[in-house]
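Structure first, then comments.
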Amino acid sequence: MQRTVSLTVNGKPASATVEGRTLLVQLLREHLGLTGTHVGCDTSQCGACVVHVNGEAVKSCTLLAVQAEGANVLTIEGVANGDTLHPMQEAFRNNHALQCGFCTPGMVMSALDLVKDNPRPTDREIREYLEGNLCRCTGYHNIVLAIAEGAAVMRGEAPPANPHGVAAE
Amino acid sequence: MPDGTIGTPVRRREDYRFLTGQGTYTDDINRPGQLYAYILRSPHASARINAINTSAAKTAPGVAAVFVGQDMAAEGIGGLPCGWLVNSKDGSPMKEPPHPVLAVERVRHVGDPVAVIIAESYQQAKDAAEKVAVDYAVEAAVVDPAAALQPGAPQVWGDQAPGNLCYDWALGDEAAVDAALRGAARVVKIDLVNNRLVPNAMEPRAAIGEFNRATGDYTLYTTSQNPHVIRLLMGAFVLHIPEARLRVVAPDVGGGFGSKIYHYAEEAIVTWASAKVRKPVKWTAERSESFMSDAHGRDHVTHAELGVDAQGKFVALKVVTIANMGAYLSTFATCVPTYLYGTLLAGTYTTPVIFCETKAAFTNTVPVDAYRGAGRPEATFLVERIVDVAADELGMDPAELRRRNFIPANAFPYQTPVALQYDSGDYQTTLQMALQAADYAGFEARRQQAAARGKYRGIGIATYIEACGIAPSAVVGSLGARAGLFESAEVRVHPTGSVTVLTGSHAHGQGHETTFAQLVADGLGVPIDQVEIVHGDTDKIAFGMGTYGSRSLAVGGTAIVKAMDKVIAKGKKIAAHILEASDADIEFKDGRFTVAGTDRSLGIGEIALTAYVPHNFPHEELEPGLDETAFYDPKNFTFPSGAHIAEIEIDPDTGRLEICNFTASDDFGRIINPMIVAGQVHGGLAQGIGQAVLEGCVYDKTTGQLLTGSYNDYAMPRADDLPNFSLSTHATLCTHNPLGVKGCGEAGAIGAPAAIANAIVDALKPLGLRHVEMPATPEKLWRAIRQHQSGAAAE
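Chains A and B, in that order, give the protein sequences. First residue of the first sequence: 940, per this note's numbering; consecutive thereafter. First residue of the second sequence: 678, per this note's numbering; consecutive thereafter.
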């Protein structure tokens, strides 16, 4: 059974005709061409597909596309301001918090959700929050540093001294 | 460039696209008119295929074609080749049974591909696969490598590999080792298992085959670490397509860790099928398919004996290992437990005689091949565990026992008894740095404090040697490699002075677009934003051997340096002509060609423009253009080394283990980008710690079913399983490459498992624990504590 789903994605109206079983992540990737959201597993464990639905972080493989009817969806493609990276994206870059980049969109979307609820997370809180996002490359060490830096900048504070010796731009 | 970038933490140039969702991974690519493939896989570990009925599937909605093994066999399609011939100790070649792309007559592991269904949508293909009727006659399976070699075990290959034995390989002087063990003051013994792992790059494998009806050419987009190797293997051995008609593109690749080196069946299926259906064919693995079709890693069963003299010096090491090959020989499976394992058993020590025997066993499991470290983690785990057992038996501090046996820093080059010649290293210094950073001296106080809290706290050391950049080609060829192990690079200086570098290395997280650009910016004295690094496309890059074994900088980077040397040599001749000086008088520094002792000079941009607008040019001596290619074949491996220290605490009530501190002091030679190097170490440590305490691939011993087939069952390291890491480096330069670089990609995965295991045994030493098998899960630790507590109570 085909159904048309209309929603808002990254601030713009979008619609697509999908099967009942089509997942939100498939709608985004295959129907809307937003391939920044990734699929890394089939058991809702890896978090590569995290997007924001009505302001909350959601694994987009856990939602049917039809359930997103009328929703406001933010994907990684909508995070930067034009060519200017969001402070959280910038923090990932400053801290070498990504290697192959595959888990990165989900990590950034989860990080933004964490900081929304907890603007001043401790390292332990960051690590516990990231339970639902797998990364095989970084060992998470630099992701934790990046989220701490991103959170500081989002609070309007100066970023902490860069632990890798990267000079400020 | 007034300031060099080498040695500085340049932020990665690849990050912008990945952080904004603009990366292009294989599954992000869609070709016009493409169809989708679903691979029907065996649900059985061992079965005869009596019949396959595809007629209902062929008429299902949207289905374009269904193919089975016989369809490919009928066209003379070859099997997947193995790239390394290992001979048994009696000189006979390994047993090398066929590896059909789609199973014919039999299936040999759960996940063995049986049929491909091609349809207009992936869901249609998957739905139609349910209509394929396969009549299987299920037979007994064997999954454990030691069990497979027992008499009466189910036979994976029958007469083609009697007793399931692929080869019985040996290295070293067994008689000398036996004599030394007989004369030793003490012989320390250990039996251990190196647990089977699933690599689990976060991007599942994917492939798109595209046949061009107009030209007869093929393109394969694939998740590969080495597109040229895939072109060679698939073109020459499987599908019989000449290189000139086959383009292989490995775009952004989401991690590899070894698992994306190999030529896989799905690559051949989509390429071949695209010509059959005359449309592009796309396949993307579901994660559960990854678990049952990506090559796995490790899976050794080992007995070892270490002879020690009265002063604690190692006098001999004897190792007998059974290694699991799985059901088929994957591309480089055979060299991993032999030439990448037996040769590493000297570790960082002066052990004068070593003997290693490796029996490789076929089982009804997914093929096993190189996974981050590949042989070297297995060797290090064994050596560093037995050294700790020796220290315990001798009542000696494990750090002191190691110091006493290290190859001294002034002994290089050092010839080991297991074929390798180490060029440089300083094991005392890296150990000392790690001991200090970990406050080893203060540990006993922390153990007491933990005990007061009811916790068992332990500290464990592992030192390691790694052999990276496997080479030279002549030597590996004499050992059975069916490939050369060089690398190529082309440095193309454009008329306006910008530079394109085409490298045969491939990045899938390593950051080559940054590190290699740093090399070129410094080497040619051009701004880094004027340098573009291109990789991953056989139509752009002449040739390449790809990325594995921490070889990219040591081999691929050196090829770039060699090509830059040629650019500079030609530039000097052009400059000499324009400046009316002798070639020998031209010096090149910071991007300028200068007549020595004068202020007459030309920038590399001016030289490049002259090379392409050759009005005033030495035509009698040179051709126009400034574009040079180099192929570099190393003289030796490189030998990174280091010391890792883990400090852990175990809660006896739950068996839960906490990693309190992890310290790594590594020698990678010269470092180009310290931030990227630290990231490589972090990731390696996470995988090493994962092996030690979380990850284990489990098959049901009776049915051969894969019990850890998803992230619900296979414990991947998560952020809250891991500590912050404390890293430091100390450089002794590689003596045989111009950069002095050694490689850093696998070190963490090599050192960490033994450091963690040694820490666990140290923590539970008061209970009498002598060894713990990986992964040391809370359940395993809880049971070990219970067992030893009740044992201690009974005494």
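Quick reminder that beta carbons are idealized off the backbone N, C-alpha and C, glycines included.
- Residue 799(B) has a beta carbon lying at 7 Å or more from every beta carbon in chain A.
- Residue 858(B): member of the alpha helix (DSSP H) spanning 851-859, first to last residue.
- Note on geometry: alpha-carbon atoms of residue 813(B) and residue 746(B) lie some 15 Å from one another.
- Fully enclosed alpha helix (DSSP H) runs of no fewer than 4 residues occupy 1281-1289 of the region 1269-1318 of chain B, in order along the chain.
- Interface annotation, residue 767(B): not in contact with chain A, CB-CB separation never under 7 Å.
- By the rule that beta-carbons nearer than 7 Å mark a contact, residue 878(B) touches chain A.
- Think of a sphere of 7 Å around the beta carbon of residue 1052(A): no beta carbon from chain B falls inside it, the nearest being about 15 Å out.
- Under the 7 Å criterion on CB atoms, residue 1064(A) is classed as non-interfacial with respect to chain B.
- Residue 974(B) has 874(B) as its beta-bridge partners, per DSSP.
- The contact set of residue 1353(B) on chain A, defined by CB atoms closer than 9 Å, consists of 1035, 1038 in chain order.
- Taking every protein chain shown into account, the CB of residue 686(B) has 16 or more other CB atoms within 10 angstroms, so this residue is buried.
- Put simply, the region 1012-1020 of chain B does not touch the region 828-836 of chain B. Fewer than three CB pairs are less than 8 Å apart.
- Residue pairing by DSSP places residue 1062(B) in no beta bridge whatsoever.
- In this structure, residue 1064(A) sits away from residue 1397(B), with a CB-CB distance that is not shorter than 7 Å.
- From the listed residues 1111(B), 1455(B), 844(B), the smallest Cα separation to residue 1344(B) is found for 1111(B).
- Between the alpha carbons of residue 1227(B) and residue 927(B) lies a gap of roughly 19 Å.
- Positions of the beta strand (DSSP E) runs, each at least 3 residues long and wholly inside the region 867-946 of chain B, are given as 883-888, 895-899, 923-926 in order along the chain.
- For residue 1034(A), no beta strand (DSSP E) encloses it, and the DSSP letter there is neither H nor E.
- With distances taken between CA atoms, residue 770(B) lies nearest to 1156(B) out of 948(B), 1156(B), 1241(B), 1215(B).
- Cα atoms of residue 1070(B) and residue 1352(B): separation of roughly 41 Å, rounded to the nearest angstrom.
- Between the alpha carbons of residue 1215(B) and residue 1167(B) lies a distance of about 13 Å.
- Taking 7 Å as the threshold, the shortest C-beta distance from residue 1388(B) to chain A falls below it.
- Sequence-distant Cβ neighbours of residue 783(B) in its own chain, meaning closer than 8 Å and more than five residues away, are 723, 724, 725, 726.
- Under the 10 Å beta carbon count, residue 1013(B) is surrounded by 16 or more other beta carbons and is classified as buried.
- Between the alpha carbons of residue 1135(B) and residue 1121(B) lies a distance of about 9 Å.
- DSSP places residue 1178(B) within a strand segment (E or B) once states are collapsed to three.
- Comparing alpha carbon positions, the residue from 902(B), 714(B), 1139(B), 972(B) closest to residue 787(B) is 972(B).
- Between residue 1072(A) and residue 1049(A), the beta carbon gap of about 5 Å places them in contact (Cβ cut-off 8 Å).
- Within the region 972-986 of chain A, the residues whose Cβ lies closer than 8 Å to any Cβ of chain B are, in chain order, 973, 974, 975, 976, 977, 978, 979, 980, 981, 982, 984, 985.
- Shown here for residue 1024(B): same chain residues with a beta carbon closer than 6 Å to its own, the five before and five after excluded, namely 1060, 1142 in chain order.
- Taking C-alpha positions only, residue 987(A) is separated from residue 1199(B) by approximately 37 Å.
- Bridge partners of residue 1145(B) according to DSSP: 1315(B).
- Taking all protein chains shown into account, residue 972(A) has fewer than 16 neighbouring C-beta atoms within 10 Å of its C-beta and is therefore exposed.
- Residue nearest to residue 896(B) within the set 947(B), 874(B), 851(B) is 947(B) (criterion: CA-CA distance).
- Between the region 1270-1280 of chain B and the region 1304-1312 of chain B, the count of C-beta pairs closer than 8 Å stays below three; the two stretches do not touch.
- Inclusion of residue 989(A) and residue 998(A) in the CB contact set at 7 Å is warranted, their separation being smaller than that value.
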